[in-house]
Amino acid sequence: MILVVAEYANGKLSKSTYEMVTAARESGVAGPVGVLVLGSDVSSIAAEAATVAASVFVADKLELAHYDAELWAAAVAQVAKAQGATAVLIGGSRSGREYSPRVAVKLEAPLLEDVISLKSVDGALQAEHYTFLTRVTERVAAEGPVVIVTVKPGAFAKADSGAAGSVTNVDVELPARRLKVTAEASEKTERIPLGEASIVVSGGRGVGSAEGFTATVEALADQLGAAVGATRAIVDAGWRPYAEQVGQTGKTVQPKLYIAVGISGAVQHLSGMNKSGTIVAINKDKDAPIFKVADFGITGDTQEIVPALLAELRK
Amino acid sequence: MRILTVIRQVLDAEESVKIAGGAVDLASSKLVLDTMDEYGVEEALRLREAGADAEIIAVAVGPARLEEAMRTALAMGADRGVLVECDVALDAIALSSVLAQIAKAEAAELIFCGGQQADWDSQALGAATAERLGWPQATWTNKLSLSGTTLSGRHDADASAESFDVALPAVVTTQQGLNEPRYPTLPNIMKSKRKEVKRQTLAEFGVTPKLKVLSQEIQVKQRANKMVDGKDAAAATAQLVHFLREEAKVIA
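So the protein lines, in turn, are chains A and B.
Take 27 as the starting number for the first sequence in my numbering and just add one per residue.
Take 703 as the starting number for the second sequence in my numbering and just add one per residue.
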């Protein structure tokens with residue numbers, strides 16, 4: 027069995043879960059695809075998962091109401107073992123990449139991180155992933171009775187829903203929570219999440235101020251139905267919430283269109299967006315590195331170009 | 703208490719990656735201590751300066767050239783180093799076994815590790831090491847303090863920033879924003895040359911790679927690189943919208 031650990035938010039499976047099902051189906055690993063749902067009060071999530079997988083396993087426990095790396099790792103390792111999984115697919119989200127190494131150590135398994143392809147070749151799992159700040163594509167192979175894999179969001183197509191699978195409740199033994207969360211500053215947005223958007227509009231220092239960001243980047247994102255992104259510099263400056271950060275220490279995105287507004291293009295930012303389909307850059311410095319990866323660049327003041335662009339789009 | 707800070711040596715961010723014979727070739731590139739690891743060394747020093755009675759040990763696993771990066775850590779203020787020389791590329795899961803064994807041998811109580819290293823883009827080392835030691839972890843930490851044996855800090859989760867408390871022993875992974883690493887002063891650079899670096903071999907740890915690297919290549923996406931002067935904003939944006947609609951076909 028290939029076990030996919032479901033990711034979900036706001037009562038629905040995340041796009042990444044459907045993508046992992048595709049990765050599992052197309053991998054050529056023998057056996058059926060199972061989906062594991064961890065959480066509390068997650069029967070509707072499990073029912074949705076049963077539309078894409080033959081078997082769904084649910085560990086529904088109050089202790090799992092909030093994510094914790096040690097709890098998640100313990101639960102996933104136990105279910106993977108009990109079901110005799112030969113591959114475990116985990117989302118390439120921050121949490122997925124945090125608890126997956128613990129699963130690998132528990133099962134003495136190799137870990138393939140943030141894969142963009144996955145194929146069973148002669149009994150080994152071969153995958154590609156990016157290295158050197160997303161500049162190098164590396165092909166790696168892992169062998170073992172079970173291999174742990176994290177899957178890069180956006181790298182695989184969304185799986186189609188099909189016939190209804192079975193839902194089985196499973197019990198897991200959980201350790202005590204040791205990392206005590208004392209406060210949470212959640213950053214909710216009405217816009218589409220960064221990782222799920224087909225268009226992303228991002229802003230950097232060149233927008234001038236938090237107000238400048240709203241007037242340019244957010245206005246453009248609303249016009250295009252796009253997600254909003256930001257550079258580390260302006261997140262650190264407090265102009266934008268952390269959840270919007272694109273780059274090495276933020277999120278990696280691969281939309282079909284990425285519009286960089288007032289972003290110079292430090293290598294750490296490029297590593298979070300350089301695989302995007304089409305890249306547009308608006309920046310007043312004609313030598314800014316962002317133009318090297320751009321399909322279309324406009325040199326000019328963002329406060330003049332963006333309003334003109336909005337007017338043009340509304341025509 | 704003993705604090706381990708994990709050291710990696712990576713390509714300078716300003717350098718371009720070179721490929722030779724299907725593999726990354728670092729022979730003629732400028733290599734530096736990973737910034738993520740500088741944050742770890744700096745944070746260990748700050749905990750000590752804030753009153754923790756700590757010995758700070760820089761740990762590196764890899765080719766002999768890593769001593770350069772280690773000397774940077776020692777010049778910043780780390781007390782001594784442990785360098786496990788090996789020429790095989792260890793993945794994070796394998797490497798974590800070496801680190802865990804060193805942590806046990808040194809009776810360490812706190813380990814700093816980069817959140818995502820700039821060479822292999824892995825985020826696994828800190829968590830894997832914590833699991834091997836049976837310790838908790840705080841990843842992507844951007845604020846930290848120590849009170850008795852409790853670490854308090856702030857870190858980034860999937861869609862929020864969390865404040866946390868965790869009891870030692872623990873693994874902390876770093877990220878930009880945690881601190882501003884100091885530059886080594888000349889006297890400290892001189893002093894660092896006399897600091898002890900213990901050399902060990904990989905054979906002492908009984909660890910082999912879990913992954914096999916088959917190839918490395920640079921896949922450069924061809925970009926249209928159309929450049930338009932925005933002096934006439936209306937004309938420039940009209941061209942852009944035409945490009946997006948008719949050529950790239952990415953908007954309706």
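Beta carbons: idealized from backbone N, C-alpha and C, even for Gly.
Remember, it's a predicted structure, so these values are computed and weren't measured experimentally.
Inset, instruction - Kindly say whether P136(A), judged by its beta-carbon, lies nearer than 8 Å to any beta-carbon of chain B. - result: yes
Inset, instruction - With a threshold of 16 other CB atoms inside 10 Å of the CB of P889(B), please say whether the residue is buried or exposed. - result: exposed
Inset, instruction - Can you give me the start and stop residues for the alpha helix (DSSP H) that W98(A) sits inside? - result: A95 to A108
Legend entry - Interface partners of S212(A) on chain B, CB under 7 Å: When 7 Å is used as the limit between beta carbons, S212(A) is near these residues of chain B: A861 and S862, in chain order.
Inset, instruction - Identify whether S69(A) lies in helix, strand or coil by the three-state DSSP scheme. - result: When DSSP states are grouped into helix, strand and coil, S69(A) belongs to the helix group.
Legend entry - DSSP beta-bridge partners of L706(B): I759(B) and I813(B)
Inset, instruction - With 7 Å as the limit, tell me which residues of the region 259-274 of chain A have their beta carbon closer than that to any beta carbon of chain B; keep them in chain order. - result: D262, Y268, A269 and Q274
Inset, instruction - Would you give the residue range spanned by the beta strand (DSSP E) that S42(A) belongs to? - result: Not the beta strand (DSSP E): S42(A) falls in the alpha helix (DSSP H), residues K41 to E52.
Inset, instruction - Using the DSSP secondary-structure output, state which residues sit across from L246(A) in a beta bridge. - result: BP columns for L246(A) are empty, so no partner.
Legend entry - Within-8 Å CB hit, K282(A) to chain B: yes
Inset, instruction - Report the neighbours of K132(A) on chain B: residues whose CB is nearer than 8 Å to its CB, in chain order. - result: By Cβ distance, chain B contributes E833.
Legend entry - Rounded straight-line distance, which links the Cα of A256(A) to that of D197(A): 41 Å
Inset, instruction - Could you name the residues of chain B that K145(A) contacts, counting a contact when the two beta carbons are closer than 9 Å? - result: Neighbours of K145(A) on chain B: none; closest Cβ ~12 Å, over 9 Å.
Inset, instruction - Kindly list, in the order they appear in chain A, the residues whose Cβ is closer than 9 Å to that of F945(B). - result: Those within 9 Å of F945(B) in chain A are T304, V306, D321 and F322.
Inset, instruction - State buried or exposed for A209(A), treating a residue as buried only when at least 16 other CB atoms are found within 10 Å of its CB. - result: exposed
Inset, instruction - Taking a Cβ distance cut-off of 8 Å, strictly less, list which residues of the region 894-922 of chain B are near chain A, in chain order. - result: Within the region 894-922 of chain B, the residues whose Cβ lies closer than 8 Å to some Cβ of chain A are K912, L913, K914, V915, L916, S917, Q918, E919, I920 and Q921, listed in chain order.
Legend entry - Terminal residues of the alpha helix (DSSP H) in which V293(A) lies: V293 to L296
Legend entry - CB contact below 8 Å: E127(A) versus chain B: Strictly speaking, residue 127(A) in this sequence is Pro, with Glu absent from that position. Cβ-Cβ to chain B under 8 Å: yes for P127(A).
Inset, instruction - List the endpoints of the continuous beta strand (DSSP E) containing G323(A). - result: In the DSSP assignment, G323(A) falls within the beta strand (DSSP E) that extends over F322 to T325.
Legend entry - Stretch pair the region 266-282 of chain A + the region 905-916 of chain B: three plus CB contacts closer than 8 Å: no
Legend entry - Secondary structure of G828(B), DSSP reduced to three states: helix
Inset, instruction - Measure from the alpha carbon of A320(A) to the alpha carbon of each residue in V31(A), G110(A), G291(A) and V147(A), then state which is nearest. - result: G291(A)
Inset, instruction - Answer with yes or no whether the minimum CB distance from D140(A) to chain B is below 8 Å. - result: yes
Legend entry - First and last residue of the uninterrupted alpha helix (DSSP H) at Y125(A): R120 to K132
Inset, instruction - Spell out a yes or no on whether the region 119-129 of chain A and the region 850-870 of chain B are touching, meaning 3 or more CB-CB pairs, one atom from each, closer than 8 Å. - result: Touching, per the Cβ criterion.
Inset, instruction - May I ask whether a heavy atom of the ligand GDP can be found less than 7 Å away from the beta carbon of K341(A)? - result: Ligands displayed in this structure: none; no statement on the ligand GDP is therefore possible.
Legend entry - Exposed unless 16 or more other CB atoms sit within 10 angstroms - verdict on N36(A): exposed
Inset, instruction - Step through the CB atoms of chain A and report whether any lies within less than 8 Å of the CB of D727(B). - result: no
Legend entry - Cβ pair L133(A), A103(A) closer than 8 Å: yes
Legend entry - Test item: CB-CB of V233(A) and L250(A) under 8 Å: no
Legend entry - Environment of L846(B) [buried if 16+ CB atoms lie within 10 Å]: buried
Legend entry - Neighbouring residues, chain A, relative to M772(B) (Cβ below 7 Å): Chain order gives no chain A residues near M772(B), where near means a beta carbon separation below 7 Å; the closest approach is about 21 Å.
Legend entry - H295(A) to V175(A) span [Cα, whole Å]: Those two C-alpha atoms are separated by around 25 Å.
Inset, instruction - For V207(A), decide whether its Cβ has a neighbour in chain B, counting only Cβ atoms nearer than 8 Å. - result: yes
Legend entry - Beta-carbon contacts of L801(B) that lie in its chain and below 6 Å, excluding the five residues immediately before and after: T831
Legend entry - L713(B) beta carbon less than 8 Å from that of D959(B): This structure cannot settle anything about residue 959(B), because the visible part of chain B is limited to 703 through 954.
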